[in-house]
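These notes concern the structure reproduced below.
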Amino acid sequence: MFDQLRDRLDTTFNALRGRGRLTEDNIRDAMREVRMALLEADVALPVAKAFIERVREAALGQEVLGNLNPGQAVVAIVHRELVSLMGEANETLALTARPPVVILLAGLQGAGKTTTAGKLGWFLRDRQRKQVLAASVDIYRPAAIDQLERVADTAGIDFFRAPGDDPVRMAGAALEEAKRRMHDVLILDTAGRLHVDEDMMAEIRALNAALQPTEVLFVVDSLTGQDAVNAAQAFHDALPLSGVILTKTDGDARGGAALSVRQVTGTPIKFLGTGEGIEALEPFHPERVASRLLGMGDVLTLVEEAERKLDRGKAKELEKKLRKGKQMDLTDLRDQLLQMNSMGGMAGLLSHLPGMDRLGAAAPSVDDRQTRSMLAIIDSMTPYERNNPEEIRGSRKRRIAAGSGTQVQDVNRLLKQFQQMRKMMKRMRKGGMAKLAQSLGRRGGGGPFG
Amino acid sequence: MSSANELSDSDELSAFHRLRRGLARTRAGLGRGLRALVGEGALDEQMLEDLGDLLLSADTGVEASRSILEELERRGRGAASAGEVLQILEELLYRRLAACEQPLDVSTAAPFVILVVGVNGVGKTTTIGKLAMRFRAEGREVVLAAADTFRAAASEQLLRWGERSGASVISQGEGADAASVAHDALQSARARGADVLIVDTAGRQHTHHNLMEELAKIRRVIERLEPGAPHEVLLVVDAGNGQNVLSQLQRFGEAVGVTGMAMTKLDGTAKGGILLALAAHGAPPVRFIGVGEDPRDLRPFEARGFVTALLAEPEG
Ligand SMILES: Nc1nc2c(ncn2[C@@H]2O[C@H](COP(=O)(O)OP(=O)(O)OP(=O)(O)O)[C@@H](O)[C@H]2O)c(=O)[nH]1
Ligand SMILES: Nc1nc2c(ncn2[C@@H]2O[C@H](COP(=O)(O)OP(=O)(O)OP(=O)(O)O)[C@@H](O)[C@H]2O)c(=O)[nH]1
Ligand SMILES: [Mg+2]
Ligand SMILES: [Mg+2]
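Dropping the structure here:
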């Protein structure tokens, strides 16, 4: 997903980078290009228009970033607006209500509701140890209920075949069943329906009224074109949507639906469907998607956030270092680790470093449990070692491991991750962000954003 | 279950009305907008820009929209009245869409083999069911091959359509080899002297190389058994899918050689513009359009009828 839009935006911003400074003229030209890029990516026209307007205004009023070149400045603004367009942070399902928590799935025909019902069930059972019951009220599509039964079986969750052919009654029976068998969660699959089909929209409203679900999820195909807004709007008007699930992101969707739907419904995209298998469901992270869309981890965001949330002095130092292209050392890494909690953990930090998100398997993966042991390792080094990590060999490694209560492999891993980060920084200095993005870019692949 | 007669009653009489009703949304979005705009009078810069936005938001795509506007500007500049501009627009749209009009004739071979392909959830199986109803109503012997052996309950879905239409369904159940189902079905169709064989396949994203390769294998198996077959490789696309349809066409074309298309869910979307985008890209003929879930709502694509229904005065 998104490849094409990313390439178009890249070209546009590269052209801007050559310019001296931001003027009304070059902003206007760039915005025309961005608008075309968005429309070709199937972003709905009203959404694209409003987006461009916000970026234009922000760009014109831009003085703070005066020392950046126009390309960088516009990228920073576009990035910020993209993030706010898609929602600020990942949002999860609300499962704290009194069980059984009801999840209602709704959407157009063929969007992927039934498949997603199975994936969600698997996710909740496997990751959150929930007892899940799935039921369908799709009395229209041939073999729809058989399909859910199979999918539930694959997911290892319970399935209930509600008697009768009145969807609202069937839903009520499913809820009774979930209560009786003390399930934590009831996932209710519904028939696909057109947003302009009044009878069917009345039916889904009645289902919602009868069940009072905690989560009402709009399942939408990421391939959807300009019409995504209309459908989303109609479902939003009919139902108290609590979230969106974007399916089929493993294809080459241009991503317009992702950008439009959240804007229209004002509800967060909670998951991405990334394949046909039962496990192909991923929590949605707007920030990462925006960065990928712009083809780079965003140093500017790192700096901005650092300034906002961290010790200003330290952040300035790091920024200066980055700009001058000085090598980062282990003391810098230690400072970062120490202040990380206020920035959303290691994952949050790394996702800001240029290129990290596109390294794929090679990217250092660090969870926050590891942070503590990393700190311990660095703390067990001498200042000389922190400044000269390449000098840390055999006996030094053993000493550091012993001092920090870790293994030599842990020390090795930290050093390797550090080298990778440093290499990133260096590349950024040499080629600027554009070159970096190119060198890391279109290679590798995998994952919904290739 | 009802019989194939479902299709026949006063069918031709209501054809235009079904189309109109099915396209009501499209008309409300694109048709009425075009009509209203052009009705405002002389062609000027603003009107062209608004027209451009309308076309774009109807999924026409940047390229095709630009070319339509250029032609309209060139030919409409001297137009005396709004009516005349509208006529020029109608003619211009018709000429573009007519390039995609060429009905499917299944009487040229027996069994006439149709391989149906497309991305997930676009409406392949439903379209096959509707086609089976249509061919049965024309008095043809129809065999359906359940070669989607991947998706849960896919063959059950096809079996229901078999019951409803009176077509025989050949299936081997979930997890079977798709090419082998196609092979069996073709042999069975020949043995029965069937007129039409329609092969349903699993939906797949055209970006998955191994899945596209599997499709190519199904095609090869059919070819080997029956030279000249498949006589039609029908790509089913969802009218709501926007510009991605172009990339679907290209990739499925490369893998199995698409010879015709069916566009579903035109009733659901405000946008008929993707047809114009396809036409601009020299797509193979659009054989059928789906404008509803009823079997009668699958219609042969006719450019004239489509444009007329699109630009028709709003009802009531
Ligand atoms: N590649 C891919 N295919 C998906 C994904 N999610 C669903 N599908 C496929 O999309 C097709 C339609 O999925 P369903 O779950 O039947 O869709 P639905 O919304 O329940 O359809 P109706 O009930 O007819 O409205 C199936 O072929 C699924 O395997 C996804 O994330 N990636
Ligand atoms: N409104 C409307 N719905 C349609 C049309 N054609 C198909 N559908 C619906 O779209 C959904 C998916 O249809 P299927 O025929 O199962 O799609 P498919 O391409 O076979 O799906 P997979 O085999 O899973 O890839 C079903 O709910 C159909 O009823 C149409 O022309 N209009
Ligand atoms: Mg379903
Ligand atoms: Mg199917």
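Chains as they are written, first to last, in our numbering: chain P, 1 to 450; chain L, 451 to 766. All C-beta atoms in this analysis are idealised placements derived from N, C-alpha and C, irrespective of residue type, glycine included.
Partners in chain P for residue i, counting only beta-carbon separations shorter than 8 Å
{"i": "GLY740 of chain L", "result": "Chain P residues near GLY740 of chain L: none, gap ~10 Å exceeds 8 Å."}
{"i": "ILE724 of chain L", "result": "GLY225"}
Residue i in three-state terms, based on DSSP
{"i": "PRO286 of chain P", "result": "helix"}
{"i": "GLY256 of chain P", "result": "helix"}
{"i": "ILE157 of chain P", "result": "coil"}
{"i": "ASP650 of chain L", "result": "strand"}
{"i": "LEU415 of chain P", "result": "helix"}
{"i": "LEU594 of chain L", "result": "strand"}
{"i": "SER400 of chain L", "result": "With chain L running from 451 to 766 in the structure shown, residue 400 of chain L is simply not present."}
{"i": "LEU246 of chain P", "result": "strand"}
{"i": "ASP199 of chain P", "result": "helix"}
{"i": "LYS580 of chain L", "result": "helix"}
{"i": "SER605 of chain L", "result": "helix"}
{"i": "GLY273 of chain P", "result": "strand"}
{"i": "ASP146 of chain P", "result": "helix"}
{"i": "LEU9 of chain P", "result": "helix"}
Contact set between residue i and chain P, taken where Cβ atoms lie within less than 7 Å
{"i": "GLU606 of chain L", "result": "ALA143, ASP146"}
Any C-beta of chain P under 8 Å from that of residue i
{"i": "ALA733 of chain L", "result": "no"}
{"i": "GLN622 of chain L", "result": "no"}
{"i": "ALA603 of chain L", "result": "yes"}
{"i": "GLY533 of chain L", "result": "no"}
{"i": "THR657 of chain L", "result": "yes"}
{"i": "GLY610 of chain L", "result": "Checking the sequence shown, residue 610 of chain L turns out to be Arg, not Gly. Cβ-Cβ to chain P under 8 Å: yes for ARG610 of chain L."}
{"i": "SER618 of chain L", "result": "no"}
{"i": "GLY755 of chain L", "result": "no"}
{"i": "SER638 of chain L", "result": "no"}
{"i": "SER615 of chain L", "result": "no"}
{"i": "SER557 of chain L", "result": "no"}
{"i": "SER697 of chain L", "result": "yes"}
Distance cut-off 7 Å: residue i Cβ against heavy atoms of ligand 3
{"i": "GLY579 of chain L", "result": "no"}
{"i": "ASP146 of chain P", "result": "no"}
{"i": "LYS113 of chain P", "result": "yes"}
{"i": "GLY192 of chain P", "result": "yes"}
{"i": "ASP237 of chain P", "result": "no"}
Check: residue i C-beta below 7 Å from any heavy atom of ligand 2
{"i": "VAL631 of chain L", "result": "no"}
{"i": "GLY612 of chain L", "result": "no"}
{"i": "LEU453 of chain P", "result": "Summary: the structure shown does not reach residue 453 of chain P, with chain P confined to residues 1 through 450, and so no result is reported for it."}
{"i": "GLY110 of chain P", "result": "yes"}
Chain P residues whose Cβ lies nearer than 9 Å to that of residue i
{"i": "ILE668 of chain L", "result": "Correct list: empty, because the minimum Cβ distance to chain P is about 18 Å."}
Residue i CB to nearest heavy atom of ligand 4 below 7 Å
{"i": "ASP598 of chain L", "result": "yes"}
{"i": "GLY653 of chain L", "result": "yes"}
{"i": "LYS715 of chain L", "result": "no"}
{"i": "ALA604 of chain L", "result": "yes"}
{"i": "ARG575 of chain L", "result": "Checking the sequence shown, residue 575 of chain L turns out to be Thr, not Arg. Yes, Cβ of THR575 of chain L sits closer than 7 Å to a heavy atom of ligand 4."}
{"i": "ASP650 of chain L", "result": "yes"}
Chain L contact for residue i (CB, 8 Å cutoff)
{"i": "GLY225 of chain P", "result": "yes"}
{"i": "LEU281 of chain P", "result": "no"}
{"i": "GLN233 of chain P", "result": "no"}
{"i": "GLN109 of chain P", "result": "yes"}
{"i": "LEU194 of chain P", "result": "yes"}
beta-carbon residue i near ligand 1 non-hydrogen atom, thresh 7 Å
{"i": "ASN691 of chain L", "result": "no"}
Output needed in chain order: residues of the segment 496 to 529 of chain L with a Cβ under 8 Å from some Cβ in chain P.
ASP503, LEU506, SER507, ALA508, ASP509, GLY511, VAL512
Name, going along the chain, the residues of the segment 111 to 132 of chain P whose beta-carbon falls closer than 7 Å to a beta-carbon of chain L.
ALA111, GLY112
Give, in chain order, every residue of the segment 559 to 580 of chain L whose Cβ lies closer than 9 Å to some Cβ of chain P.
VAL569, ASN570, GLY571, VAL572, GLY573, THR575, THR576, GLY579
Proximal residues, the segment 244 to 265 of chain P versus chain L, C-beta separation under 9 Å
THR247, LYS248, ASP250, GLY251, ASP252, ALA253, ARG254, GLY256, ALA257
Please name the residues in the segment 147 to 159 of chain P whose beta-carbon is closer than 7 Å to at least one beta-carbon of chain L, in chain order.
GLN147, ARG150, VAL151
Please name the residues in the segment 24 to 47 of chain P whose beta-carbon is closer than 9 Å to at least one beta-carbon of chain L, in chain order.
MET36, LEU39, GLU40, ALA41, ASP42, ALA44, LEU45, PRO46
Along the segment 196 to 221 of chain P, what residues have a CB closer than 8 Å to any CB found in chain L?
VAL196, ASP221
Chain P contacts from the segment 659 to 693 of chain L (Cβ-Cβ distance under 9 Å):
ASP688, ALA689, GLY690, ASN691, GLY692, GLN693
Anything in the segment 707 to 718 of chain L with a Cβ closer than 9 Å to a Cβ of chain P? List those residues in chain order, please.
THR714, LYS715, ASP717, GLY718
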